[in-house]
Structures are given as C-alpha cells and as structure tokens.
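Student: Note that full-length UniProt numbering has the sequence shown beginning at 1, numbered continuously upward. Glycine included, each C-beta is placed from N, C-alpha and C at the ideal position. A quick note: this is a predicted structure, and the numbers were derived from the prediction, not measured.
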Amino acid sequence: MRGIEVVGVDPARASIDVARAKPGGDRVRWLCGDATVLPPLEVDLVTMTANVAQEIVTPLTWQRTLTEAYQALRPGGHLVFETRDPSRRAWAEWNREASHRVVEVPDVGTVESWVELVEVDEPLVTFRGHYVFAADGRVLTSDSTLRFRDRQEAEADLVGHGYVLQEVRGAPDRPGKEFVFVARRPTQAHRSLRR
C-alpha cells in the first residue's frame, strides 16, 4: 500500500478487531462509528461493501452518510456501493430450507447456520440469523433489518446530494440481483445539497 492511505469505518468494535487482525489490517486507520466520525479528508474513493448501504435504514442517517462521503471526497473522487435489487425479492429465500449451512470454522469447530424471515414492511425487511455451535451446543441469534432502496430512489438521493451518477451496473458475482452504483463528486463546485 505504498502511497495509499486507507481509512476503514465500522460501527462494531468487534468487526474492527477482526479486520485489524487480517493481513494488511495493521496498515489501515480504523474508526469505530459511522460516516459522521470521519475526520477532514480528501480521498479518491469511498466504498460501502457487503450491502452495508442497506443496513443504513433511516432516511436521516442515509442522507448524513451521503453528505459525509461527499465531503470526504476530493473533487473528481468516486463513491461506489452495491445494494440488492428489491424487485428480485431476495428475502423469499430467507428460510431454513434455502439458507441452511454447516461449516467448519478454525479453532471453533462445526457451526450450523440459517436465516429466517421475521417481517417484510417494504422497503424494510427484518430477518434473524441462527448459529449453532456443535462443540458446546451454544445457540446464538442475531436480528437485522435491511432497507431495500430501488434504483430510482438511490439515483435520486445521489444526484440530490451533488454527485454525478456515472454508472449503475450489475454485480459480476451476482448477475441480475444487485445494483452497483458508481458516482463522482464533480470537479466543479456546483452542488444542491438537501439538508
């Protein structure tokens, strides 16, 4: 990473600890929180990976995220994120039968997992992850809510925050299931920010 500065932001301290322990993780400046904890930056690229844009469920937090990302970008810098296409109704397969997995985790043992749909109140979808640890029989559950923004909503939000929408493409590893948005902060100082 010579000549490259990487800043990682995550609201979960435990996730940061895992990421920091990975190869190269010690060369990243980690911040615990959301986009509002970003210090003044002028970066070339802001990314939201692993459908994290969908975990930003409230309109106010989404608007703040787009604003903070815009402010962190240098003129000409890019924001890239992916989100599931709500018309594909991914949650229809969030049940034990379709999602059941058994994996071997180093230093942990066999872990059985599945997802179960809890509630659909579009655009919000709530689900529960189940994890059973064979070594001691421990069962953990985790509830999550995702916001399924359609393409038009995401495009309007980006443009409304001053971004130039360059491209919306499909995810190469999940064709037809996700949108990948590529937006740019203009090099000119024109911007109509909604606050």
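So, with DSSP's three-state summary, where would you put Arg194?
Tutor: Summary for Arg194: the model assigns pLDDT 45, below 50, so the residue's position carries little reliability; its value from the coordinates is reported in the next sentence. Arg194 falls in the coil class under three-state DSSP.
Student: For Val9, which of helix, strand or coil comes out of DSSP?
Tutor: strand
Student: Whole angstroms is fine: what's the gap from Val7's alpha carbon to Gly176's?
Tutor: 31 angstroms
Student: From this set, Asp34, Pro86 and Gly24, which residue's C-alpha is nearest Val52's C-alpha?
Tutor: Asp34
Student: Would you say Arg89 and Asp44 are within 8 angstroms of each other, going by their C-beta atoms?
Tutor: no
Student: What number of angstroms, rounded off, separates the C-alpha of Arg194 from the C-alpha of Val57?
Tutor: Low confidence applies to Arg194: its pLDDT is 45, below 50, so where it sits in the model is not reliable enough to give any reading.
Student: Cα separation between Ile16 and Arg29?
Tutor: Approximately 10 angstroms, taken between the alpha carbons.
Student: Select from Glu116, Ala92 and Ser87 the residue whose C-alpha is nearest the C-alpha of Arg101.
Tutor: Glu116
Student: Could you check whether the stretch 136 to 146 touches the stretch 162 to 170, counting it as contact only if at least three pairs of C-beta atoms, one from each stretch, sit closer than 8 angstroms?
Tutor: no
Student: Between which two residues does the alpha helix (DSSP H) harbouring Gln71 extend?
Tutor: Pro59 to Ala72
Student: Which residue or residues does DSSP assign as beta-bridge partners of His130?
Tutor: Residue pairing by DSSP places His130 opposite Trp114 and Thr141 in a beta bridge.
Student: Please report the distance separating the alpha-carbon of His130 from that of Thr187.
Tutor: 47 angstroms
Student: Name the one or two DSSP bridge partners that Asp107 has.
Tutor: Answer is none; Asp107 lacks a bridge partner.
Student: Determine the closest residue to Thr65 out of Pro172, Val111 and His161, with distance taken between C-alpha atoms.
Tutor: His161
Student: In whole angstroms, what is the alpha-carbon distance linking Gly76 and Pro11?
Tutor: Straight through space, the alpha carbons of Pro11 and Gly76 are spaced by roughly 27 angstroms.
Student: Please report the distance separating the alpha-carbon of Ser192 from that of Leu38.
Tutor: Confidence is the limiting factor: at Ser192 the pLDDT is only 47, short of 50, which leaves the residue's position unreliable and the question unanswerable from this model.
Student: Indicate the three-state DSSP secondary structure (helix, strand or coil) for Glu119 in the structure shown.
Tutor: Three-state result, Glu119: strand.
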